[in-house]
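Worksheet: one structure, shown below.
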Amino acid sequence: MSSANSQAIGLHKLDLETPALCLDLGRYERNVERMVDYIIRRAGIAWRPHMKGQKAAPLAQRAVAAGAIGVTCATVYEAEAMAEAGIRSILLAHEVVGERKLCRLAALQRKSTVIAATDSEAHLAMLAAAALAESVTIPVIIELNVGMNRSGIAPGQPTLQLARRAHTTPGIRFLGLMGWEGHVLAFDDEEKKRQTQSAIAALTDTAQLCRDAGLPVEIVSSSGSGTFRNAAPLPGITEVQAGGGVFSDRSYAAWGLDHEFSLTVLTRVASRPSPTRIITDGGFKTMSKDHGFPEPLGLPPAKKIVLSAEHGNIELNDPSETPRVGDTIEWVPGYTDSTVCLHDEMVVLRDDIVTEVWTIPGRGGRR
Ligand SMILES: Cc1ncc(COP(=O)(O)O)c(C=O)c1O
7 MSSANSQAIG LHKLDLETPA LCLDLGRYER NVERMVDYII RRAGIAWRPH
57 MKGQKAAPLA QRAVAAGAIG VTCATVYEAE AMAEAGIRSI LLAHEVVGER
107 KLCRLAALQR KSTVIAATDS EAHLAMLAAA ALAESVTIPV IIELNVGMNR
157 SGIAPGQPTL QLARRAHTTP GIRFLGLMGW EGHVLAFDDE EKKRQTQSAI
207 AALTDTAQLC RDAGLPVEIV SSSGSGTFRN AAPLPGITEV QAGGGVFSDR
257 SYAAWGLDHE FSLTVLTRVA SRPSPTRIIT DGGFKTMSKD HGFPEPLGLP
307 PAKKIVLSAE HGNIELNDPS ETPRVGDTIE WVPGYTDSTV CLHDEMVVLR
357 DDIVTEVWTI PGRGGRR
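Using our numbering, read the sequence shown as starting at 7 and increasing by one per residue.
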């Protein structure tokens with residue numbers, strides 16, 4: 007069965023089957039250019055955009071063509087898709103566990119360099135066992151907890167001890183350190199700056215501690231789209247992982263990112279039960295409500311918007327004849343990361359004409 011819009015090349019956006027996940031290439035390219043300019047040209051460090059929210063491999067190829075050193079991934083499945091698309095340097099910024107997945111991670115080293123994150127000796131031993139079983143070397147980066155309190159080992163001596171172990175473990179090549187300062191996203195400007203500096207200092211001070219102990223620290227990796235403007239100019243970081251900023255959305259905007267919204271969800275009006283109510287053909291199976299609520303564009307002011315599974319239910323402040331049944335309504339996602347993964351394909355448009363349709367690999371539960 008062919009997908010809804012797989013034959014849509016050349017169509018106008020308004021003629022697409024809905025709901026459809028749409029990428030405006032012009033806006034996307036301007037966002038990429040701003041990230042390249044800020045991170046690579048001005049801060050003078052590398053860009054390794056996170057693909058966990060972008061998913062589609064052509065976006066990785068475009069980022070690399072624009073100057074990215076490679077990509078960051080969250081899952082082995084994503085890393086496999088990126089390697090398949092020819093991306094040769096991949097950071098898997100999550101601890102991969104389970105024998106079969108570790109085996110896939112090790113085997114993938116034959117295709118691309120896939121740097122694995124670790125934060126414990128127990129996990130390092132699993133990576134080493136997988137590397138030896140596959141007769142490969144796994145490059146490793148140590149994940150530090152720089153304040154987010156997710157995974158990550160404590161900065162300072164605990165990291166140094168693990169780095170020493172990684173450096174001397176057969177099957178492992180110690181490459182450096184990473185830390186993600188996700189806990190600072192929602193702070194206001196000044197506090198965010200201060201907290202970012204202190205999180206990054208924990209990372210870069212520990213990198214120095216490791217170097218002083220004679221360890222080779224090639225990579226010091228950090229930061230996302232809501233923090234890279236504060237983090238990238240700080241001394242000691244070699245690369246940033248900011249990815250979702252190529253799309254932006256209502257969450258990133260709330261976190262202070264002023265990029266254009268390049269990714270939208272196109273729906274149609276399925277019903278107008280009353281002059282103040284609009285029902286669309288896309289609900290929370292099409293647009294996630296996590297991290298922020300999606301916003302419909304170009305409508306009169308609404309007093310309430312509810313998403314059920316397959317419907318959007320918009321209640322306008324005042325009666326309005328438009329939009330009519332069958333008209334399109336475009337939404338800015340609340341969070342693109344948790345919206346892209348609901349779709350099978352991304353419709354790519356230039357000046358509202360479909361130029362390509364990309365499949366989204368690894369969208370659902372595939373790890
Ligand atoms: C390890 C890691 N790095 C960076 C980021 C930031 O990614 P993005 O720029 O796509 O928001 C995240 C986001 O959750 C992350 O988990």
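Using N, Cα and C, we set each Cβ at its ideal position, and we do this for glycine too.
Endpoints, the alpha helix (DSSP H) within which residue i is located
i    : result
R94  : R94 -> no alpha helix (DSSP H), and no H or E assigned at all.
V38  : 31-41
A3   : A query on residue 3 cannot be resolved here, the shown segment of the chain reaching from 7 to 373 and no further.
P64  : 63-72
R256 : 256-260
R170 : 163-174
Residue i burial status per 10 Å Cβ neighbour count (16 or more: buried)
i    : result
P307 : exposed
A18  : The sequence given here has His at residue 18, not Ala. H18 is exposed by the Cβ-count criterion.
L20  : exposed
A205 : buried
K198 : buried
P325 : exposed
G230 : buried
G104 : exposed
G232 : buried
R106 : exposed
T328 : exposed
N323 : exposed
R33  : buried
As assigned by DSSP and simplified to three states, the class of residue i
i    : result
A49  : coil
E245 : strand
R278 : strand
T24  : coil
L209 : helix
L272 : strand
M154 : coil
H56  : strand
C109 : helix
C216 : helix
V331 : coil
K198 : helix
G185 : strand
E301 : strand
S231 : coil
A135 : helix
G16  : coil
E266 : coil
R116 : coil
L355 : strand
R179 : strand
V360 : strand
E127 : helix
V223 : coil
V103 : coil
Of the listed residues the options, nearest to residue i (C-alpha basis)
i    : options                : result
T334 : C347, D287, V360       : D287
E23  : L215, A14, L31         : A14
A91  : A99, H100, G76, E101   : G76
A62  : G249, G73, N151, P281  : G249
T292 : E327, V346, E321, A276 : V346
A10  : M352, R373, D357       : M352
R110 : A66, E362, E140, A131  : E140
D211 : Q163, L114, D194       : Q163
G185 : T124, E39, L221        : T124
V275 : A89, L305, A99         : L305
R283 : A89, I311, V360        : I311
H189 : T165, L215, S157, E127 : S157
I147 : L108, V223, F299       : V223
K117 : V102, A52, A85         : A85
L221 : T202, R170, T361       : R170
A122 : A160, T78, P161        : T78
R200 : D218, G153, R47, A137  : G153
Terminal residues of the beta strand (DSSP E) in which residue i lies
i    : result
M293 : Premise fails: M293 is in no beta strand (DSSP E) and is neither H nor E.
T345 : That residue, T345, is in no beta strand (DSSP E); its alpha helix (DSSP H) goes 343-346.
T124 : 119-124
E149 : 144-149
A308 : 308-313
L191 : Segment: none, L191 is in no beta strand (DSSP E) and carries neither H nor E.
E321 : 318-322
T81  : Counting along the chain, T81 falls outside any beta strand (DSSP E), and DSSP gives it neither H nor E.
H366 : Note on residue identity: the sequence assigns Ile, not His, to residue 366. I366 -> no beta strand (DSSP E), and no H or E assigned at all.
Rounded distance between the beta-carbons of residue j and residue i, thought under 8 Å
i    : j    : result
A87  : P367 : 4 Å
L27  : H349 : 4 Å
G340 : G318 : About 12 Å; that fails the 8 Å criterion.
A181 : I225 : According to the sequence displayed, residue 181 carries Leu and not Ala. Confirmed, Cβ separation roughly 5 Å.
L183 : A213 : 5 Å
A134 : T175 : 5 Å
V246 : I45  : 6 Å
heavy atom of ligand 3 below 7 Å from residue i C-beta
i    : result
S231 : Ligand 3 is absent from the structure shown, which contains only ligand 1.
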